[in-house]
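Here the working numbering runs 6 ahead of the position in the sequence shown, where the first position is 1.
Backbone N, C-alpha and C fix where the C-beta goes; we use that ideal spot for every residue, glycine too.
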Amino acid sequence: MALATLAAGGAAQAATFTAASEAELITAINDANASLDSSSTITVTKAFTVTTQLPQISSKVAVSVGSAGGATLDLRAGATYQTAAATQVGIAPNTTGIVVAQGSGTALSGTALTTGAGQSTVSVLDGASAVFTGNLNTGAGSATINVGKGASMSVGNLNSGIGHTAINVTGGGKITVGTNANLGGGNGAANGGITDVVVSGTGSAIQFGGASGYYHHAGTLEVSAGGFVGANTVQVGFRPGDVFTAIVTGPGSVFGSVNNNLTIGGGGTATVTVADGALLTSGTSGTNTLSLANTATGVATLNIGAPVGSAPAAPGAVTAKNITSSSGQSTINFNHNASSYEFAVPIGGNAIVNQIGSGTTTLTGDNNYSGGTTITAGTLQLGNGGTTGSISSAVVNNATLAINRSNAVSFPDAISGSGVVQQRGTGTTTLSGTNTYTGGTVVQAGRLLAGSAGAFVQNTAYTVNGGTLDLGIWDLTTSNLSGTGGTVALNAQTLTANQAGDSTYAGAITGTGGVVKAGAGVLTLSGTNSYSGNTSVTQGTVRAGAVSTFSSKSATVVANGATLDLAGHNQTLASVNNSGTVSLAGAAPGTTLTVTGPWVGNGGTLRLGTALGDSSSASDKLVLSGATAIASGTTNVQITNLGGLGALTTGNGIEVVSAINGATTTAQTTKNAFALAGGHVDAGAYEYRLYAADASGTGENWYLRSTVAAVPPTNGGGTGGGVVVPAYRTEVPLYAVLPEQFRQANLSMLGSLHMRMGDNVRPAANDAGPAVAGQSYRQAWGRLISTDRTTSQTGTVSPTSRGRLTGVQAGTDLWADTHWRAGVYVGQLDGDMRVNGFASGLLDLGVGINDLKNQYFGVYGTWKNDSGLYIDGVLQGGRHRYTASPVLGLGSGGKGSSLLASVEVGQSFGIAAGWTIEPQLQLVHQRVSLDDASIVGALIRQDSDSGWLVRAGVRVKGEIDTSAGPLQPYARLNLYHTGSGTDVARFIGPAGFADIATRTGGSSGELAAGASWQLSRSTSLYGELGKLWDMSGDARNSSGINASVGVKVLW
């Protein structure tokens, strides 16, 4: 039952009714309406649900929901609650009041709704409605207002007090405010409240009537997923001490003013973030001003995309007539990741603009803010191809500043930082500030003009892909010049490319100014350049990337250590002064450099690519054209062989310098304008030299020839004419003589039976030990060898060689009996052989040294009988290494192998007491195989002759007893004969070869003397001195004194 409490004195002045159920509430309403009291209060003390239409509550009756234990008024299923007075929720401290209206047809209405010092919750849900003709006021407690799921609430004004208020509008719910919303009330941060508002979901809204205002002092606002918050006038964070934060995010989400201005941070601190397709607006369609921090205490921050410190997000939109900021602190941060985001609202006042996201922000308004611009990441672009889009303050650019205007625009303020500046629009942008940015400059279109001495930053990178980089009236030094097109307009100035790295510029350089290349890097030009000033290559390389890319109007100077590289592309220059390198060589021969003025060689190099072959071979060519094209000084011509196989030239040879239309080259005077680097260049088997004039000695051209005059002039030059002979390279005799050198080394190691092992010595007469002269004892032996050899062969280059080989040979019997002995030996024989031959057109020219290193392994078997007959057989394998070192050239090495077989027979006869004579016959066959060897310009393949050698000789030996042991001296006379044959050294080029034939075979005689000396029963010494004389044949071998000494031990 409803209880009524009467006022003191018995008079019915005021009554309080309580209700703990739906029935009690109905009774209380009826009793209170019927009461004669001037005012009454119905207090809901419990939680209960109302499902019927309650009686209308009189204007003299207030309803209070909330008690110390908590009370809930839950209206459902079409229930209605109507009061002509105020409804109070959680009025007293430490009370909890909840009012819920949910379900379609459920209605809650009254003149006002007030929350107090307790905890209060008012929820209108699931299609229910709430209408308060007066105010919705929250107090000092904690209040939550929920409107969701298609429900609606209408209030005259929406006010939040000094407590904490949470307003949640979701799921299509809507709060309609007749006049104003004043949120976060009280007096600033010290006494004011905090109000947090969430409006989320399509159709969710807080909207206002006519002359209305949304004043949010402190707290937060979240508008998301299509929510809407809008009033005639909007001010947030506008009192000193206020702190307000708003996030507006998601497609369809809107926050802003309808007819009047939107003010952010008028006197307090306010941050608004608009992201992911949401809209922040000032006035319908953005017709009013967005005001930031319009008092001295105001701090306003507008984030497009994401707050500072968060990862970039998709941006939202801002519509306004303009953005102003005055005495406060205003910042606009573009922290988004969109590849193209246009911001058209003009920004003025003292605002600061920061581009901090990875995306591209395009400002299309004519901005005049003075707070400065900082670009931390992404791109800030001025203009979008039209005639608007500018800023008027200094820029700290640490990413990309782009200018995209179609008209002429000036940028007078300074640009600093580590970022890049890009000219993107078709108009002309004039930079006139003192700029210090270091990230480089890129011109894509239009014209970027230097309007002051400090406009273009010196020693930074410049890239021109289109449009024009215009130097104006100031010189420019770049650290890198590159780009795919466009123009660099020098006017009358100098462009210096001072770059350590490599780059390519494919555009054109124009004007009357000049170009300087400094730094160690390579600058490749591939556009059509027409500037008429000088080209100075002081360091590094200027390289052509296309035909006729070098300016034909430019006088070119190449400094010592620098390079002008045509890289296989034909070019024309006005003149050349060369102290460095001018290179024409490309992948294939045939490049032409035409010089129409003076060619001055200051000891520089002209590098040409030539297919070194016969006279029809293709070659790069320096062409001097015109009467002013005069070659002077000295130029070293360096030839790079491009696929030439080497061949005999005929007639004039290969033309490498041409003089036409009256040009002169000193070919008819001092003949010193050009000289071949190194004196000659080699290909295949041939040596090419540079000659002034043609074969008849006339003309101003210069030629390469692989022939020389049979009787060269005394000054060593060549003027053509007369009989000519081939000019073989110095390596040809060196390689031609190698097989014979190895054959002679093999024979020196082989020797004969007695040279290798000495004689078997009988014991002394007074030796009481067992006999040791027989062959039943095995023996180990070794000898030192020093052999001198002079070899002279006929053939293509008639090589001769002289030198001495020294080494060691050691062996041992593996098996022995009274008649047989078999064993193995190893040996090494090394030395240098000086070689002469037909080279450079000269007979018997000293061409270099062959350094030979030979290692051997042999097996032998010897049979002897008691009558002095012996037969000795040897099989010897050799491993050979060599280094062929031409004079004034680099040595090249190679290796090979050999196999030799020998059969020797001899028979001794007594001729006197203690003396015998021994005829000998030896037959030797050997084969030498040398691996292919590579030298500059050729591969050498040896086809060595495999031939027979016959030795016939006689040896006279004596036996003498001495106090030191038996001594067996001997003398021998030998005749050697080698069958005729031919060694062929094939010098192979990329497309052909030249065979160098060298003849073998001949006869030689030898005279030698030696002895064996028995030192003890088991040890003996032996040695020999001899000399070889050549007698006849194509390969004539002779020697100085040959010597060997050995020791033999029986075991």
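In three-state DSSP terms, what is residue i?
i: R762; result: helix
i: T562; result: strand
i: Y741; result: helix
i: R789; result: strand
i: I32; result: helix
i: F556; result: coil
i: A1017; result: strand
i: S754; result: helix
i: D481; result: coil
i: R1042; result: strand
i: R749; result: helix
i: N1074; result: As shown, the chain starts at 7 and ends at 1057. That puts residue 1074 outside it, with no answer to give.
i: D37; result: helix
i: Y443; result: coil
i: Q861; result: strand
i: W1057; result: coil
i: G722; result: Below a pLDDT of 50, predicted positions are generally treated as unreliable, and G722, at 38, falls in that range; no measurement from the model is reported.
i: I645; result: strand
i: Y783; result: coil
i: G987; result: strand
i: I1033; result: Inspection of the sequence shows that residue 1033 is occupied by Lys rather than by Ile. Three-state result, K1033: strand.
i: N163; result: strand
i: S263; result: strand
Output needed for residue i: all residues of its chain with C-beta closer than 8 Å, excluding positions within five of it in sequence on either side, in chain order.
i: T382; result: N360, Q361, I362, N404, A405
i: G533; result: G491, Y511, A512, G513, A514, I515, A552, T555
i: N328; result: T295, L296, V351, P352, I353, G354, G371
i: A633; result: N667, G668, A669
Please work out which residues of its chain come closer than 6 Å, Cβ to Cβ, to residue i, disregarding the five sequence neighbours upstream and downstream, and give them in chain order.
i: T444; result: S424, T466
i: N584; result: V564, G607, G610
i: T150; result: T127, A172
i: A1049; result: S792, L1031
i: G489; result: T469, V470, N471, Y511, G513
i: S135; result: A113, S158
i: T447; result: V427, Y468
i: G920; result: G964, E965
i: N566; result: S585, G586
i: A1014; result: R978, E1030, G1032
i: N1064; result: Outside the shown range of the chain (7 to 1057) lies residue 1064, about which nothing can therefore be said.
i: T120; result: A92, Q94, N143
Please go through the same chain and pick out, in chain order, the residues whose beta-carbon is closer than 7 Å to the beta-carbon of residue i, but skip the five residues on each side of it.
i: G391; result: N410, S412, G431
i: G813; result: I791, G833, Q834, L835, D836
i: T434; result: A414, G452, R453, L455
i: T800; result: R1005, D1040
Assuming residue i and residue j are in contact, meaning their beta carbons sit under 8 Å apart, how far apart are those beta carbons, in whole angstroms?
i: A85; j: A68; result: Rounded, the Cβ-Cβ distance is 20 Å, inconsistent with contact.
i: R808; j: M839; result: 7 Å
i: G574; j: A594; result: 7 Å
i: A822; j: R784; result: 5 Å
i: A503; j: T484; result: 5 Å
i: T368; j: E348; result: 5 Å
Let me see if you follow: with CB-CB separation under 8 Å, is residue i close to chain D or not?
i: S542; result: The chain labelled as chain D is not found in the depicted structure, where only one protein chain is given.
| Do the region 215-234 and the region 287-297 meet, that is, are 3 or more Cβ pairs less than 8 Å apart? | Under the three-pair Cβ rule at 8 Å, the region 215-234 does not count as touching the region 287-297.
| said: My parser needs the alpha helix (DSSP H) runs of 4 or more residues fully inside the region 226-256; what are they? | reply: none
| query | At what residue ranges does the region 904-968 contain a whole run of the beta strand (DSSP E), taking only runs of 3 or more? | reply | 915-918, 921-936, 939-941, 944-949, 953-964, 966-968
| said: With three or more beta-carbon pairs closer than 8 Å as the criterion, would you say the region 243-254 touches the region 269-281? | reply: yes
| query | Is the region 669-683 touching the region 974-985 in the sense that three or more CB pairs, one from each, lie closer than 8 Å? | reply | Contact fails: fewer than three Cβ-Cβ distances are below 8 Å.
| query | What runs of the alpha helix (DSSP H), each 4 residues or longer, lie entirely inside the region 306-338? | reply | none
| query | Can at least three beta-carbon pairs, one atom from the region 810-825 and one from the region 859-871, be found at a separation below 8 Å? | reply | Judged by Cβ distances under 8 Å, the region 810-825 makes contact with the region 859-871, as three or more pairs qualify.
| task | Could you tell me which uninterrupted beta strand (DSSP E) segments, each at least 3 residues in length, are contained entirely in the region 329-387, listed from first to last along the chain? | result | Taking only runs of at least 3 residues, the beta strand (DSSP E) segments lying wholly in the region 329-387 are 335-340, 347-349, 358-361, 366-369, 379-381.
| said: I want to know whether the region 875-893 touches the region 753-766 - three or more CB-CB distances under 8 Å. | reply: Counting C-beta pairs with one atom in each stretch, the region 875-893 and the region 753-766 have three or more that are closer than 8 Å, which means they touch.
| What are the start and end residues of each continuous alpha helix (DSSP H) run of 4 or more residues lying completely inside the region 799-858, in chain order? | none
| Just checking, does the region 32-47 make contact with the region 72-83 on the three C-beta pairs under 8 Å criterion? | no
| query | Which residue spans inside the region 636-702 form an unbroken alpha helix (DSSP H) run of at least 4? | reply | none
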